[in-house]
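For reference, the structure discussed in these notes is given below.
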Amino acid sequence: MIRQSLAALVFATLSACGESTAPDAPAAPARPQATPEQKAALLASLPAPYNVGDLDNGRRVFARCRACHTITQGGPNMTGPNLYGMFGRTAGTHPGYNYSTAVREAGFAWDAERLDHWLENPRTFLKGTKMSFAGIPDETDRRDVIAWLKVETGYAPPAEPAAAP
Numbered sequence: 044m045i046r047q048s049l050a051a052l053v054f055a056t057l058s059a060c061g062e063s064t065a066p067d068a069p070a071a072p073a074r075p076q077a078t079p080e081q082k083a084a085l086l087a088s089l090p091a092p093y094n095v096g097d098l099d100n101g102r103r104v105f106a107r108c109r110a111c112h113t114i115t116q117g118g119p120n121m122t123g124p125n126l127y128g129m130f131g132r133t134a135g136t137h138p139g140y141n142y143s144t145a146v147r148e149a150g151f152a153w154d155a156e157r158l159d160h161w162l163e164n165p166r167t168f169l170k171g172t173k174m175s176f177a178g179i180p181d182e183t184d185r186r187d188v189i190a191w192l193k194v195e196t197g198y199a200p201p202a203e204p205a206a207a208p
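Per our numbering, residue 44 is the first one in the sequence shown, and the count goes up by one each step.
Right, dumping it as structure tokens:
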């Protein structure tokens, strides 16, 4: 009996040594779904030109991306990484996704400007990426999808500095 328990313990311990796609830290509690009013307020707080983005068009444009990306907090990686929390995150660092060397070594954090250039043509923006997407040539569509992503992926505008006493 003790030998079986010990064997089970050793097996469980060794099986935990394999590769995992889960982050080491426990997942943060899911944020509640934003109301339409909260989404409108966040949109209005974005810097130009994203503050005038058309969220409905952004959602439609993102339909081209859904085959490869999820956007929900804690959502799975697919052919591409989950995009929740991407703004401000260093490129190539989303846990559990196997990025190309070009993205892992890019050395920048995602912001709206970089994403705009990436979406225009990923292969010319960052040579060596494995992303096969041809890009979004229309400037308005890129603006709208970036605004929509900011509203839908947990983006929070930077806190304003406290006034000096």
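Virtual Cβ for every residue (Gly too), placed ideally from N, Cα, C.
None of these values were measured; they are calculated from a predicted model.
Same chain only: Cβ atoms within 6 Å of residue i, ignoring 5 sequence neighbours per side
i, result
"lysine 82", "Val194"
"proline 66", "Note on proline 66: pLDDT 42, under 50, position unreliable in the model; the coordinate value appears next. The answer, listed in chain order, is Pro138."
"asparagine 147", "The sequence shown places arginine at residue 147, rather than the asparagine named in the question. Counting only Cβ-Cβ distances below 6 Å, and skipping sequence neighbours, we find Gly135."
Cβ shell of residue i (< 8 Å), same chain only, five flanking positions each side left out
i, result
"leucine 162", "Gly178, Ile179, Arg185, Val188 and Ile189"
"arginine 107", "Phe176 and Ile179"
Of the listed residues the options, nearest to residue i (C-alpha basis)
i, options, result
"glycine 135", "Ala110, Thr172 and Thr183", "Thr172"
"serine 143", "Pro124, Ala199 and Pro200", "Pro124"
"glutamine 76", "Ala110, Thr115, Leu126 and Arg157", "Thr115"
"asparagine 100", "Pro201, Pro200 and Glu182", "Glu182"
"aspartate 154", "Asp97, Pro200 and Arg147", "Pro200"
Cβ-Cβ distance between residue i and residue j below 8 Å
i, j, result
"glycine 131", "alanine 149", "no"
"threonine 196", "methionine 129", "yes"
"methionine 209", "threonine 113", "The requested residue 209 does not occur in the structure, where the chain is confined to residues 44 to 208."
"leucine 169", "alanine 145", "yes"
Residues near residue i in its chain [Cβ-Cβ closer than 7 Å; skip 5 each side]
i, result
"leucine 89", "Ala190 and Lys193"
"valine 104", "Ile179, Asp184, Asp187 and Val188"
"arginine 102", "Trp191"
"tyrosine 198", "Phe130"
"proline 92", "Arg186"
"proline 165", "Thr172, Met174, Phe176 and Gly178"
"cysteine 111", "Met121, Thr122 and Gly123"
"aspartate 97", "Asp187"
"leucine 158", "Ile189"
"tyrosine 140", "Asn120 and Pro124"
Cβ-Cβ separation, residue j to residue i (assumed contact under 8 Å), whole Å
i, j, result
"asparagine 94", "alanine 84", "Not a contact, Cβ separation roughly 11 Å."
Below-8 Å beta-carbon distance, residue i vs any chain B residue
i, result
"tryptophan 153", "The structure shown has no chain B; it contains just one protein chain."
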